[in-house]
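Visitor: Take a look at the following structure, please.
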Amino acid sequence: MSPRRARTAAVLAAAAALLGAGPTALDAQVALPEAPPAVETGEAEPRVPVLLVPGWSDGLAQLEPLRSRFLEAGWDSAAVATLEFRDPVGSNREHAREIAIAAAELRAATGAWRIDVVAHSMGGLALRYHLRRRDAPAGAVRRVVFLATPHFGTWSSLVAWGDGAREMYPGSDFLMTLMDGRPVPHGIEALTVRTPLDLHILPPESAAIPGVRDVEVCCPTHAGLLDDDGVFAVVETFLTRPLAENAPPPA
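Mapping of the sequence shown onto mature numbering (1 follows the signal peptide of the UniProt record, and there is no 0): residues -27 to -1, 1 to 224, in sequence order.
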């Protein structure tokens, strides 16, 4: 067992306790494997494929530490895909289309019926917009994790740029659209994870959504959420626990 995996295992029990409480293709760059995972006789079925979505101005490099943790935790390399947006600071509406393409490619590459999605920061807003699109395949996404996503906007967007920054401004038309209806469609399990040491999500409560299970992990930075033992333990526990145990709390 690697040192990193050992550290993750040490906090896994605490994570479990926390969770128990309460048609045009765009040129998005998607890091995908060449072949789907194989199932060997007598072995457990492979874990549900995971798509990793970056935040504002980020890309493949920022997601690589998180991808490495999934591989060390037992996910097949064919079952973990990372996405890089064509315009990292662009509109979440366009990013949602790129997520749709990446999700379809991951399902096709693995042969999986459903996938999970872990989105960091602004990427979670694009994910939510994708999930509410009428052309989103029903039942294609099983569980979603939002890592420090500014669901109600963030004042730090005032010093950012691009359409994405404008959409993160508190009270923007884009955010008002997301607030109309359920946070995620019925049948999709959701989790928000945040840190008290986050200087990007202001106010910090914006990273939580009423009615969605929320876990605060002390104390990585905003970017550090992608490579933190405690955070990954929470994410892994959420994605691997039986469906009945993962039922979200009532709104």
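Where a beta carbon is used, it is the ideal one built from N, C-alpha and C, also for glycine.
None of these values were measured; they are calculated from a predicted model.
1. CA-CA distance, residue 181 and residue 165?
2. For residue 132, count neighbouring C-beta atoms within 10 Å of its own C-beta (all shown protein chains included) and say buried if the count is 16 or more, exposed if not.
3. Residue 194 and residue 170 - do their beta-carbons sit closer together than 8 Å?
4. Whole angstroms is fine: what's the gap from residue 48's alpha carbon to residue 30's?
5. Classify residue 22: buried if its beta carbon has 16 or more other beta carbons within 10 angstroms, exposed otherwise.
6. So residue 122 and residue 145 are supposed to be a Cβ contact under 8 Å. How far apart are they, rounded?
7. Considering only DSSP beta bridges, list what residue 165 is partnered with.
8. Looking only at C-alpha atoms, which of 162, 173 and 98 sits nearest to residue 129?
9. On the CB-based measure, 16 or more other CB atoms within 10 Å of its CB, does residue 229 come out buried or exposed?
10. What residue does the alpha helix (DSSP H) around residue 74 start on, and which one ends it?
11. Straight-line CA distance for residue 83 to residue 70?
12. Where does residue 103 fall in DSSP's three states?
13. Is it buried or exposed, residue 7, if we count other Cβ atoms within 10 angstroms and call 16 or more buried?
14. Throw me the rounded Cβ distance for the residue 91 and residue 204 pair, which I believe falls under 8 Å.
15. Assuming contact is defined by CB atoms lying nearer than 8 Å, are residue 52 and residue 20 in contact in what I supplied?
16. Within 10 angstroms of its Cβ, does residue 85 collect 16 or more other Cβ (buried), or is it exposed?
17. Could you give the C-beta distance for residue 99 and residue 72, rounded to a whole number, given that I count them as a contact under 8 Å?
18. Within a Cβ cutoff of 6 Å, which residues of the same chain sit near residue 185, ignoring the five residues on either side of it in sequence?
19. Look at the Cβ atom of residue 127, then the Cβ atom of residue 64, and state whether they are nearer than 8 Å.
Guide: So, to answer that:
1. 6 Å
2. exposed
3. yes
4. 27 Å
5. buried
6. Incorrect: roughly 14 Å between the Cβ atoms, too far for contact.
7. 119 and 187
8. 173
9. One cannot answer for residue 229 here, as it falls past the ends of the chain, which runs -27 to 224.
10. 65 to 83
11. 20 Å
12. helix
13. Only weak support is given to the placement of residue 7: the predicted model assigns it a pLDDT of 38, under 50, and the question is left unresolved by the model.
14. Between residue 204 and residue 91 the Cβ distance is about 10 Å, and since that is not below 8 Å, they are no contact.
15. yes
16. buried
17. 6 Å
18. 156, 163 and 165
19. no
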